[in-house]
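What follows is a single structure, written as structure tokens, with notes after it.
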Amino acid sequence: MKHQTSNVTHQASWRRNLWIIWFAELTSIVGFTVVIPILPLYVQELGVSDPDAVTFWAGLIFSAHAVAMAVMAPVWGTLADRYGRKLMVERAMFGGAVIIGLMGMARTVQQLALLRMFQGMLTGTVTAATTLVASTAPRERSGYALGMLQMGIYAGASVGPLLGGLITDTMGFRAAFWTTGGLLLTGGLLVALLVREEFQPAPRSARRGWRALRESLSPVLSSRPLLSAFGVRLMMRTASRLLGPTLPLFVQALAPTGRAATLA
């Protein structure tokens with residue numbers, strides 16, 4: 058009877074966690090995608106007028122974010138193993154709230170590029186939320202839990218750009234960044250206050266820090282199938298990101314007197 062009660066409690070706990078994380082991640086992705094499409098236009102708002110310079114800075118602010126995120130990903134993964142997955146979700150959401158809020162106060166394009174780099178270093182809500190959901194859901198329901206999380210992510214990504222265009226057109230560029238900061242703060246508070254994680258860190262003898270990281274990468278780097286999959290994934294991500302910095306500028310060129318660029 059006691060075992061049955063414990064099982065029911067666990068079932069309720071992981072489902073509760075899932076729906077809280079789902080809503081927090083949906084909110085965060087809406088926030089991120091509010092500002093992503095308007096970043097190239099924000100470069101112009103910050104005083105860059107030469108078309109070639111606008112294109113250069115637009116590409117740089119996208120690349121700075123991606124490179125910083127790639128460098129920091131193993132670091133955050135290692136810290137998640139030591140201190141818990143929930144803390145990493147809080148770091149990504151609260152960190153993003155502060156940094157993107159500061160972007161709304163940027164005065165130069167150089168400040169924007171630097172803040173984008175810091176955003177890449179601190180954020181990464183998708184990976185953090187995915188690992189938290191995977192670690193709290195029962196193994197037999199992990200597919201369902203991760204599928205639901207992905208649904209929330211794509212739902213947020215479908216709403217954010219349109220919302221960003223509407224906010225920019227009605228209240229200006231800076232309001233869009235502050236809206237994103239508020240959405241990320243909301244998501245972080247939901248996770249911090251409502252999600253329960255029963256985290257048991259590995260024994261100190263099992264934690265070997267950077268040596269363990271190098272050892273875990275060794276079989277990956279020596280596996281041809283994994284390297285091939287990595288290469289394909291890299292090309293897919295590169296292709297999907299090529300238009301990000303320039304598409305709003307292209308739409309702006311097609312409709313220079315209208316508001317189509319912010320709604321694109």
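Per my numbering, residue 58 is the first one in the sequence shown, and the count goes up by one each step.
We put the CB at the ideal spot given by N, CA and C, even for glycine.
Burial state of residue i (16 or more Cβ within 10 Å)
{"i": "A208", "result": "It is worth fixing the name first, because residue 208 is Met in this sequence and not Ala. Exposed, because fewer than 16 other Cβ atoms sit within 10 Å of the Cβ of M208."}
{"i": "T84", "result": "buried"}
{"i": "G244", "result": "buried"}
{"i": "A121", "result": "buried"}
{"i": "R142", "result": "buried"}
{"i": "L311", "result": "exposed"}
{"i": "T295", "result": "exposed"}
{"i": "Y211", "result": "exposed"}
{"i": "M174", "result": "buried"}
{"i": "V100", "result": "buried"}
{"i": "P305", "result": "buried"}
{"i": "V65", "result": "The predicted position of V65 is uncertain, since its pLDDT is 47 and thus under 50; a value taken from the coordinates is nonetheless stated next. Exposed is the call here."}
{"i": "L169", "result": "buried"}
{"i": "A225", "result": "For clarity, residue 225 is Thr in the given sequence; the question names Ala instead. By the neighbour-count rule (16 or more Cβ atoms within 10 Å), T225 is buried."}
{"i": "P94", "result": "buried"}
{"i": "E197", "result": "exposed"}
{"i": "A286", "result": "exposed"}
{"i": "T236", "result": "buried"}
{"i": "L322", "result": "This structure leaves residue 322 out entirely; the chain is present only between 58 and 321."}
{"i": "V289", "result": "exposed"}
{"i": "A163", "result": "buried"}
Beta-carbon proximity check, residue i vs residue j, cutoff 8 Å
{"i": "I78", "j": "A191", "result": "no"}
{"i": "G326", "j": "V91", "result": "What is shown of the chain runs 58 to 321, which leaves residue 326 out entirely."}
{"i": "M150", "j": "V248", "result": "yes"}
{"i": "G158", "j": "F234", "result": "yes"}
{"i": "V194", "j": "W71", "result": "Val is not the amino acid found at residue 194; the sequence shown has Ala there. Against a cut-off of 8 Å, the Cβ pair of W71 and A194 comes out as a contact."}
{"i": "E82", "j": "T188", "result": "no"}
{"i": "A123", "j": "G177", "result": "yes"}
{"i": "A110", "j": "L96", "result": "no"}
{"i": "V155", "j": "L103", "result": "no"}
{"i": "G301", "j": "F113", "result": "no"}
{"i": "Q309", "j": "L136", "result": "no"}
{"i": "I86", "j": "A232", "result": "no"}
{"i": "P276", "j": "R139", "result": "no"}
Residue i, DSSP secondary structure in three states
{"i": "R253", "result": "coil"}
{"i": "A194", "result": "coil"}
{"i": "G181", "result": "coil"}
{"i": "V146", "result": "helix"}
{"i": "A163", "result": "coil"}
{"i": "A212", "result": "helix"}
{"i": "G141", "result": "coil"}
{"i": "V105", "result": "coil"}
{"i": "P258", "result": "coil"}
{"i": "S70", "result": "helix"}
{"i": "S94", "result": "What sits at residue 94 in the sequence shown is Pro, not Ser. Looking at P94 - three-state DSSP - the assignment turns out to be helix."}
{"i": "A312", "result": "coil"}
{"i": "G301", "result": "coil"}
Anticipated Cβ contact below 8 Å, residue i with residue j, distance rounded
{"i": "L345", "j": "G152", "result": "As shown, the chain starts at 58 and ends at 321. That puts residue 345 outside it, with no answer to give."}
{"i": "L172", "j": "M160", "result": "5 Å"}
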